[in-house]
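What follows is a short report on a single structure.
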Amino acid sequence: MDVPRSTLSESQGSGLPSKARPSIWLNGSVVACACPDCSAPMTVRLWLMTADCWRCGASIALSVEQEREVQRLLAERDRRENASAPEKTPAPAAAPARSTKAVPPPAPHFSGSTAPAPPSEAPSPKIPSPKTPSLKPAAPQRAKSKRNWDNSTVASPDAARNGETTKRAADPVPARWLRWRDLTAWLASLVFHLILILLLGLWTLSAEQENPRIVLSTAVGPQHRQGGEMVSERQQNETELDLPFEPEPPPEEPPEVAAARNDAQELRVDPTDDSAELPQMERVRSDLISSDPYRRMLATRDPRFRAEIVEAEGGTTLTEAAVARALRWMSNHQNDDGSWCLHGFPNSPGCQGQCGGRGQIRSCAGGTALALLAYLGAGQTHKFGIHRQEVRSGLKWLISHQRPDGDLRADSDGNAGMYVHAQAAIVLCDAYKLTGDEALRRSAQRAIDFICDAQHSAGGWRYRPGQAGDMSVVGWQLMAMHSAKSAYLYVPSDVLDLAGEFLDSVQKDPYGAFYAYQPRRPATATMTAEALLSRMYLGWNRNDRGLVIGVYHLAEEYPPSVENPNIYYWYYATQVMHHWGGAPWESWNRQMREVLLKTQVTSGHEAGSWDPRSPYAPQGGRLYMTSLAACTLEVYYRHAPLFRRIDLR
31 MDVPRSTLSE SQGSGLPSKA RPSIWLNGSV VACACPDCSA PMTVRLWLMT ADCWRCGASI
91 ALSVEQEREV QRLLAERDRR ENASAPEKTP APAAAPARST KAVPPPAPHF SGSTAPAPPS
151 EAPSPKIPSP KTPSLKPAAP QRAKSKRNWD NSTVASPDAA RNGETTKRAA DPVPARWLRW
211 RDLTAWLASL VFHLILILLL GLWTLSAEQE NPRIVLSTAV GPQHRQGGEM VSERQQNETE
271 LDLPFEPEPP PEEPPEVAAA RNDAQELRVD PTDDSAELPQ MERVRSDLIS SDPYRRMLAT
331 RDPRFRAEIV EAEGGTTLTE AAVARALRWM SNHQNDDGSW CLHGFPNSPG CQGQCGGRGQ
391 IRSCAGGTAL ALLAYLGAGQ THKFGIHRQE VRSGLKWLIS HQRPDGDLRA DSDGNAGMYV
451 HAQAAIVLCD AYKLTGDEAL RRSAQRAIDF ICDAQHSAGG WRYRPGQAGD MSVVGWQLMA
511 MHSAKSAYLY VPSDVLDLAG EFLDSVQKDP YGAFYAYQPR RPATATMTAE ALLSRMYLGW
571 NRNDRGLVIG VYHLAEEYPP SVENPNIYYW YYATQVMHHW GGAPWESWNR QMREVLLKTQ
631 VTSGHEAGSW DPRSPYAPQG GRLYMTSLAA CTLEVYYRHA PLFRRIDLR
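Note that our numbering numbers the sequence shown so that position 438 is 468, with each residue one more than the last.
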């Protein structure tokens with residue numbers, strides 16, 4: 031530690047009053063003082079009248095008063111030594127007022143923490159009497175006398191035994207000579223270091239290598255200079271150009287990157303677009319920051335904010351391109367009447383048998399509902415968007431096949447019935463919410479009424495109205511009623527309360543973190559994800575312990591994986607993670623994007639779709655798989671997060 035040199039005053043030192051602790055004392059033959067910073071004892075170099083602290087590194091210079099005190103102590107020591115000497119030895123001459131040189135004290139030796147401490151109680155330094163044995167080791171004897179640094183002659187041991195004495199110099203060297211000598215030493219050190227720095231700088235500059243140049247011969251003649259020789263030359267006269275260099279064109283993007291960028295732009299709209307078919311910009315911004323989750327819910331689908339929301343929520347150009355390609359594939363497989371069929375989509379005019387992956391379930395209502403879920407999730411409606419014609423035809427087909435009691439199952443029999451109805455009800459509610467088209471209001475409300483009437487007395491739903499429930503079907507009905515509440519349609523509160531009781535019956539732990547398909551079944555990851563999303567819709571929040579445990583359990587134990595594809599589980603779990611946010615969502619999102627982008631078909635007539643390689647995917651086929659995968663990649667804007675607001679700067 032470098033400490034600036036300072037002058038030690040009597041009031042400085044260990045913090046004790048000057049009366050309690052002298053600033054200078056004599057310890058045997060060593061002159062010592064206290065460090066002004068840490069109070070450690072320091073040995074005074076008498077020839078420079080300075081001292082350095084062994085503990086903190088502080089360096090001090092003695093004041094004039096302290097130098098006088100040193101001389102006084104030395105003189106007093108000499109008098110005591112002369113008084114105790116044999117009578118035949120005359121007393122040495124009196125010490126001068128200020129000695130120019132001093133006896134170099136031995137370097138202090140410290141062992142561990144047993145450093146010698148200065149006296150703190152005695153009013154003056156204690157001088158050891160001649161009878162007190164000194165703790166300092168005796169210096170080695172020399173036969174010849176030696177002149178000490180304090181300009182005095184010390185008798186050799188042999189001369190002392192013979193009673194011979196030497197004379198101490200009486201006239202000290204003037205103090206101004208000492209100051210000039212110190213200044214000269216400092217100047218010499220400064221000049222030396224400046225020269226050293228200059229030499230190092232010159233050496234560094236000389237070590238730099240000149241840029242090699244290739245010398246090309248411009249002379250035309252029989253003599254040729256062999257090319258490839260590297261010659262290091264310093265160009266003396268640089269050629270001045272009349273015109274500036276033209277900037278190099280940017281590197282061309284790989285074809286697949288350029289294609290993805292173009293595909294992603296399909297679904298975006300200029301933020302300045304004030305089309306009459308879109309709500310006012312200020313209204314959308316107000317909805318996005320509203321404290322009402324139902325008001326925020328679908329505001330994120332506005333195509334003018336699409337790029338900002340995708341970036342803010344973790345999407346990429348590649349995810350947007352994947353959605354655009356999936357919607358394009360579905361457009362090529364729509365029937366002329368506006369429907370899509372799970373089993374018969376290869377028979378559509380745009381396919382004519384080129385695609386594989388037919389669904390085992392024969393349902394055009396189910397295929398139409400699933401396709402429209404993906405279109406509406408991307409902000410495409412029957413009034414706005416590049417796919418508005420497909421959406422208009424599909425909505426017309428659904429409404430034309432709705433029964434008077436609101437039933438939308440149409441041609442879907444067996445176990446698919448209530449799944450199809452709930453998905454079609456979500457479509458009608460979302461389309462009404464996004465456009466405000468009153469022509470859809472009555473159909474959407476009747477579809478919700480049918481769900482309420484089909485509820486079992488224990489609170490669940492299953493394949494047919496009134497049947498005891500299972501968690502898989504219940505989740506879709508609760509999603510439909512959540513969409514209805516966002517569209518401000520009527521949903522009886524007692525229906526939701528009873529649905530909560532069903533969730534209690536399939537809950538497998540005290541907190542509500544794990545759920546089963548039916549009450550006496552074991553918990554599974556898929557049913558847990560669907561139930562946690564249902565709990566969120568029914569009012570649970572981030573403070574509920576069951577949600578905390580369940581979310582982190584799914585994120586850590588069952589992340590998306592190419593080796594274990596399960597699009598039904600990913601569809602629900604992705605929504606749960608997005609609503610939750612934070613580290614679980616970020617980790618899940620990275621893996622989900624990678625898996626879905628890697629498994630999308632990129633060539634042939636099936637490009638843009640996903641092969642039905644997942645549990646239960648063969649029943650729904652390629653159309654089912656593609657719709658749920660597209661909805662999963664739309665998660666960034668399909669529904670606004672329940673527990674946080676998207677900040678668009």
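For each residue, glycine too, the CB sits at the ideal point set by N, CA and C.
On a predicted model such as this, the values are computed, not experimentally measured, just so you know.
Residue i, buried or exposed, once every other Cβ within 10 Å from all chains shown has been counted against 16
{"i": "P160", "result": "Here the model assigns P160 a pLDDT of 36, short of 50, so the residue's position is not dependable, and the following value carries that caveat. Exposed, since its Cβ has fewer than 16 Cβ neighbours within 10 Å."}
{"i": "W359", "result": "buried"}
{"i": "S219", "result": "exposed"}
{"i": "H223", "result": "exposed"}
{"i": "D460", "result": "buried"}
{"i": "L217", "result": "exposed"}
{"i": "I225", "result": "exposed"}
{"i": "Q310", "result": "exposed"}
{"i": "T632", "result": "exposed"}
{"i": "V504", "result": "buried"}
{"i": "N267", "result": "With a pLDDT of only 48 at N267, under the threshold of 50, the placement of this residue in the model should not be trusted; the figure read from the coordinates follows. That one is exposed."}
{"i": "G345", "result": "buried"}
{"i": "N445", "result": "exposed"}
{"i": "Q171", "result": "Legend: pLDDT at Q171 = 40, less than 50; position of this residue unreliable, value from coordinates given subsequently. That one is exposed."}
For residue i, three-class secondary structure by DSSP
{"i": "C68", "result": "coil"}
{"i": "N362", "result": "coil"}
{"i": "S175", "result": "Because the pLDDT at S175 is just 36, under 50, the model does not fix this residue reliably, and the value given afterwards should be weighed accordingly. Reduced to three states, the DSSP call for S175 is coil."}
{"i": "I579", "result": "helix"}
{"i": "S89", "result": "strand"}
{"i": "R102", "result": "helix"}
{"i": "P62", "result": "Looking at the sequence itself, residue 62 is Ala, so the reference to Pro does not match. Three-state result, A62: strand."}
{"i": "Q419", "result": "helix"}
{"i": "I54", "result": "strand"}
{"i": "V299", "result": "coil"}
{"i": "K197", "result": "For K197, the predicted model reports a pLDDT of 40, less than 50, meaning its position is unreliable; a value from the coordinates is still stated below. Reduced to three states, the DSSP call for K197 is coil."}
{"i": "T80", "result": "strand"}
{"i": "V74", "result": "strand"}
{"i": "Q630", "result": "strand"}
{"i": "W491", "result": "coil"}
8 Å Cβ cutoff met for residue i and residue j
{"i": "A356", "j": "A294", "result": "no"}
{"i": "M501", "j": "E560", "result": "yes"}
{"i": "G447", "j": "S369", "result": "no"}
{"i": "T73", "j": "A81", "result": "yes"}
{"i": "L348", "j": "L658", "result": "no"}
{"i": "G650", "j": "G374", "result": "no"}
{"i": "A477", "j": "L508", "result": "no"}
{"i": "I597", "j": "M557", "result": "no"}
{"i": "L663", "j": "A352", "result": "yes"}
{"i": "A70", "j": "W55", "result": "no"}
{"i": "C371", "j": "N362", "result": "no"}
{"i": "R334", "j": "A395", "result": "no"}
{"i": "G576", "j": "A543", "result": "yes"}
{"i": "K426", "j": "L328", "result": "no"}
{"i": "T629", "j": "W615", "result": "no"}
{"i": "P603", "j": "L584", "result": "It should be pointed out that residue 603 corresponds to Ala in this sequence rather than to Pro. For A603 and L584, yes; Cβs fall inside 8 Å."}
{"i": "P379", "j": "C385", "result": "no"}
Residue-level contact to chain B via CB, residue i, 8 Å cutoff
{"i": "G576", "result": "Looking at the structure shown, chain B is missing, and only one protein chain is on hand."}
Option nearest residue i by Cα separation, candidates the options
{"i": "P549", "options": "L568, H412, G499, P614", "result": "G499"}
{"i": "Q96", "options": "H669, R75, H363, L562", "result": "R75"}
{"i": "Q475", "options": "Y493, V606, L78, Q432", "result": "Q432"}
{"i": "V536", "options": "A529, Y545, G530, D574", "result": "Y545"}
{"i": "L470", "options": "A337, W615, L519", "result": "L519"}
{"i": "V61", "options": "V94, Q605, R102", "result": "R102"}
{"i": "A290", "options": "E282, E350, A329", "result": "E350"}
{"i": "A510", "options": "G576, T656, H451", "result": "H451"}
{"i": "L402", "options": "W615, I391, S393, H417", "result": "H417"}
{"i": "N573", "options": "H583, W610, E636, K538", "result": "W610"}
{"i": "R422", "options": "M607, V340, D479, L406", "result": "L406"}
{"i": "G612", "options": "I456, Y599, P671, S591", "result": "P671"}
{"i": "L213", "options": "L78, S516, V503, G489", "result": "L78"}
{"i": "G415", "options": "Y541, S639, A342, S305", "result": "S305"}
{"i": "V521", "options": "Q485, D534, F532, Y541", "result": "Q485"}
At what residue ranges does the segment 307 to 378 contain a whole run of the alpha helix (DSSP H), taking only runs of 4 or more? Qualifying alpha helix (DSSP H) stretches, in chain order: 311 to 318, 323 to 326, 336 to 343, 347 to 361.
Minimum length 4: unbroken alpha helix (DSSP H) runs contained in the segment 518 to 591: Listed in chain order, the complete alpha helix (DSSP H) runs (minimum 4 residues) inside the segment 518 to 591 are 523 to 536, 555 to 567, 575 to 587.
Segments of 4+ residues assigned as alpha helix (DSSP H) that fall wholly inside the segment 400 to 468: Counting whole runs of 4 or more residues, the segment 400 to 468 contains the alpha helix (DSSP H) stretches 418 to 430, 447 to 465.
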